[in-house]
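Asks: Counting in our numbering, the sequence shown runs from 40 upward without gaps. Beta carbons are placed, not taken as given, at the ideal position from N, Cα and C, and that holds for glycine. Here's a structure for you.
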Amino acid sequence: METQFRYVTPVQPEAATGRVAQVYAQLADDFGMARMAVFLTLSPAPDVLAATWAMLRESLLAGKASRTAKEIVALGVSLANRCPFCVAAHTTLLHATGDHRLAETIAAGGTPDDPEHAAMLAWATSRRGGAQIGPEHIGTALAFHFINRMASALLTENLLPANLQKSRLVRSVGGRVMARTVRRRLLSGASLSLVADLPAGPEPAWGAGTSMGAAYAALRAAGAAGGELLGDTARAAVADTVAAWDGEHPPMGGAWLDAPLAEVPARERAGARLALLAALAPYRVTDADVAAWRGSRPDEDLVRLCAFGAASAMERMETFITAGEALPARPLSGDRS
Numbered sequence: 040m041e042t043q044f045r046y047v048t049p050v051q052p053e054a055a056t057g058r059v060a061q062v063y064a065q066l067a068d069d070f071g072m073a074r075m076a077v078f079l080t081l082s083p084a085p086d087v088l089a090a091t092w093a094m095l096r097e098s099l100l101a102g103k104a105s106r107t108a109k110e111i112v113a114l115g116v117s118l119a120n121r122c123p124f125c126v127a128a129h130t131t132l133l134h135a136t137g138d139h140r141l142a143e144t145i146a147a148g149g150t151p152d153d154p155e156h157a158a159m160l161a162w163a164t165s166r167r168g169g170a171q172i173g174p175e176h177i178g179t180a181l182a183f184h185f186i187n188r189m190a191s192a193l194l195t196e197n198l199l200p201a202n203l204q205k206s207r208l209v210r211s212v213g214g215r216v217m218a219r220t221v222r223r224r225l226l227s228g229a230s231l232s233l234v235a236d237l238p239a240g241p242e243p244a245w246g247a248g249t250s251m252g253a254a255y256a257a258l259r260a261a262g263a264a265g266g267e268l269l270g271d272t273a274r275a276a277v278a279d280t281v282a283a284w285d286g287e288h289p290p291m292g293g294a295w296l297d298a299p300l301a302e303v304p305a306r307e308r309a310g311a312r313l314a315l316l317a318a319l320a321p322y323r324v325t326d327a328d329v330a331a332w333r334g335s336r337p338d339e340d341l342v343r344l345c346a347f348g349a350a351s352a353m354e355r356m357e358t359f360i361t362a363g364e365a366l367p368a369r370p371l372s373g374d375r376s
């Protein structure tokens, strides 16, 4: 039977309880879809699931910035990260905003006719300045630097059965089906109750005092907790490597992993390798990489370890995205005071 899930058996909506059920219910109400593969694959780790949903909702779905602009950011980041699953999803969602030509232009690697759209796309794909960006755009970009990595590591490329997402007609029709939901205005902050009891560090300067800032802090903490699955040496090797990363895709092959793993004890090496792949080249995660570390570990541990790598890369991307930018946080309607 064809499935989108590579390594995880998700909690199905009809069997969900507690935090997972609450996330699924809000996802269905606010996104208009009861089943979304990215969130299903995170469901064995409820805190990762809730924090990821909160970050997505509060940046992409809620707020006052143009949904079209934010979908351009989501699509641009997904293209830059080589995540075909997310590229197909957000091409369809850009169709849902009503600009069908824009969606297909970007998906085909073209430049939008509108200068503001072109500048936003250039910013999203380059990871640095150039457009008039605000906190919602930063939040959306960081959400997808995390989500792209989890999707690439844990899902196949097939958004739809038989790769139907490759059809322009299917993307256009899918967008029209979702148009009413996508064009709704959602109040900020509704997802924060799902992460209120989870550990969280300080909010980022770009989102301080906003629902996005709180969601980002929760996601960063949920990702960091996955590092506890590694030994001290392995965890430090991952952190040091990502901290020195230049933001580009690693060279082909596996030689780039040799130096970071050289001082890691043999028993910890497979976990460090998998976390580094999730961080810097998640589309290169193989069955052998997962099997070498996993053993009898449950789905929850696999999600958490990948989240550690993905969140580490997200934090590193934050330094690139916000470097040199003077972007005062602008609390949005419905945000916390």
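Can you check whether the CB of residue 92 is closer than 7 Å to the CB of residue 174?
Replies: In the sequence shown, residue 174 corresponds to position 135, counting from 1. In the sequence shown, residue 92 corresponds to position 53, counting from 1. No, these two residues do not count as a Cβ contact at 7 Å.
Asks: For residue 194, which of helix, strand or coil comes out of DSSP?
Replies: Against the sequence shown, residue 194 aligns to sequence position 155. In the structure shown, residue 194 sits in a strand (DSSP, three-state: E or B).
Asks: Whole angstroms are fine: how far does the CA of residue 307 sit from the CA of residue 270?
Replies: As a working note, residue 270 is residue 231 in the sequence shown. As a working note, residue 307 is residue 268 in the sequence shown. Residue 270 and residue 307: Cα-Cα distance of roughly 7 Å.
Asks: Counting Cβ pairs, one atom from each stretch, are 3 or more of them under 8 Å apart for the segment 314-330 and the segment 348-364?
Replies: With the cut-off at 8 Å, the segment 314-330 and the segment 348-364 touch.
Asks: Please report the residue range of the alpha helix (DSSP H) in which residue 342 lies.
Replies: In the sequence shown, residue 342 corresponds to position 303, counting from 1. Per DSSP, residue 342 belongs to the alpha helix (DSSP H) from 338-361.
Asks: If I follow the unbroken alpha helix (DSSP H) through residue 295, where does it start and stop?
Replies: Residue mapping note: residue 295 aligns to position 256 of the sequence shown, counting from 1. Careful: residue 295 lies outside any alpha helix (DSSP H) and carries neither H nor E.
Asks: Quick check on residue 189: buried or exposed, where buried means 16 or more other Cβ atoms within 10 Å of its Cβ?
Replies: One-based indexing of the sequence shown puts residue 189 at position 150. By the neighbour-count rule (16 or more Cβ atoms within 10 Å), residue 189 is buried.
Asks: Would residue 114 pass as a contact of residue 129 if the rule is Cβ separation under 7 Å?
Replies: In the sequence shown, residue 114 corresponds to position 75, counting from 1. In the sequence shown, residue 129 corresponds to position 90, counting from 1. A contact, by the Cβ cut-off of 7 Å.
Asks: What's the gap between the Cα of residue 43 and the Cα of residue 70?
Replies: Here the question's residue 43 lines up with position 4 in the sequence shown. Here the question's residue 70 lines up with position 31 in the sequence shown. Approximately 20 Å, taken between the alpha carbons.
Asks: Tell me whether the beta-carbon of residue 87 lies closer than 7 Å to the beta-carbon of residue 346.
Replies: For the purposes of this step, residue 87 is taken as the residue at position 48 of the sequence shown. For the purposes of this step, residue 346 is taken as the residue at position 307 of the sequence shown. Their beta carbons are under 7 Å apart, which means residue 87 touches residue 346 by this criterion.
Asks: Distance, Cα to Cα, residue 147 vs residue 304?
Replies: Taking the sequence shown and counting its residues from 1, one reaches residue 147 at position 108. Taking the sequence shown and counting its residues from 1, one reaches residue 304 at position 265. Cα to Cα, residue 147 sits roughly 45 Å from residue 304.
Asks: Should the segment 89-106 be called in touch with the segment 232-240, which here means at least 3 C-beta pairs below 8 Å?
Replies: Taking 8 Å as the limit for Cβ pairs, the verdict is that the segment 232-240 does touch the segment 89-106.
Asks: What's the C-alpha gap between residue 180 and residue 163?
Replies: In the sequence shown, counting from the first residue as 1, residue 180 sits at position 141. In the sequence shown, counting from the first residue as 1, residue 163 sits at position 124. Using only the alpha carbons, I get a separation of about 7 Å.
Asks: Can you name the residues that DSSP bridges to residue 225?
Replies: Numbered from its first residue, the sequence shown carries residue 225 at position 186. In the DSSP output, where bridge partners are listed per residue, residue 225 has 101.
Asks: Within a Cβ cutoff of 8 Å, which residues of the same chain sit near residue 57, ignoring the five residues on either side of it in sequence?
Replies: Along the sequence shown, read from residue 1 onward, the residue named residue 57 stands at position 18. If we look at residue 57 and ignore the five residues flanking it on each side, its Cβ neighbours are 85.
Asks: Run the CB neighbour count on residue 257, radius 10 Å, all protein chains shown included, and call it buried at 16 or more, exposed below.
Replies: Within the sequence shown, the letter at position 218 stands for residue 257. Buried.
Asks: Taking just the CA atoms, how far does residue 184 sit from residue 158?
Replies: Within the sequence shown, the letter at position 119 stands for residue 158. Within the sequence shown, the letter at position 145 stands for residue 184. For residue 158 and residue 184, the distance between alpha carbons rounds to 19 Å.
Asks: How many Å lie between residue 52 and residue 151 at the Cα?
Replies: Taking the sequence shown and counting its residues from 1, the one referred to as residue 52 is at position 13. Taking the sequence shown and counting its residues from 1, the one referred to as residue 151 is at position 112. Whole-angstrom Cα-Cα distance: 38 Å.
Asks: Taking the alpha carbon of residue 100 as the reference point, which residue from 225, 121, 230, 274 has its own alpha carbon closest?
Replies: Walking along the sequence shown from the start, residue 100 turns up at place 61. Out of 225, 121, 230, 274, 225 has the C-alpha closest to the C-alpha of residue 100.
Asks: Could you give the residue range of the alpha helix (DSSP H) that holds residue 233?
Replies: The sequence position of residue 233 within the sequence shown is 194, counting from 1. From DSSP, residue 233 is part of no alpha helix (DSSP H); its letter is neither H nor E.
Asks: Mind checking who residue 44 pairs with in its DSSP beta bridge?
Replies: The residue you call residue 44 lines up with position 5 of the sequence shown. In the DSSP output, where bridge partners are listed per residue, residue 44 has 194.
Asks: Between which two residues does the alpha helix (DSSP H) carrying residue 61 extend?
Replies: As a working note, residue 61 is residue 22 in the sequence shown. Looking at the DSSP string, the run of the alpha helix (DSSP H) that includes residue 61 is 57-70.
Asks: From residue 260 to residue 156, what does the alpha carbon distance come to, in whole angstroms?
Replies: Position 221 of the sequence shown holds residue 260. Position 117 of the sequence shown holds residue 156. If you take the alpha carbons of residue 260 and residue 156, they lie about 33 Å apart.
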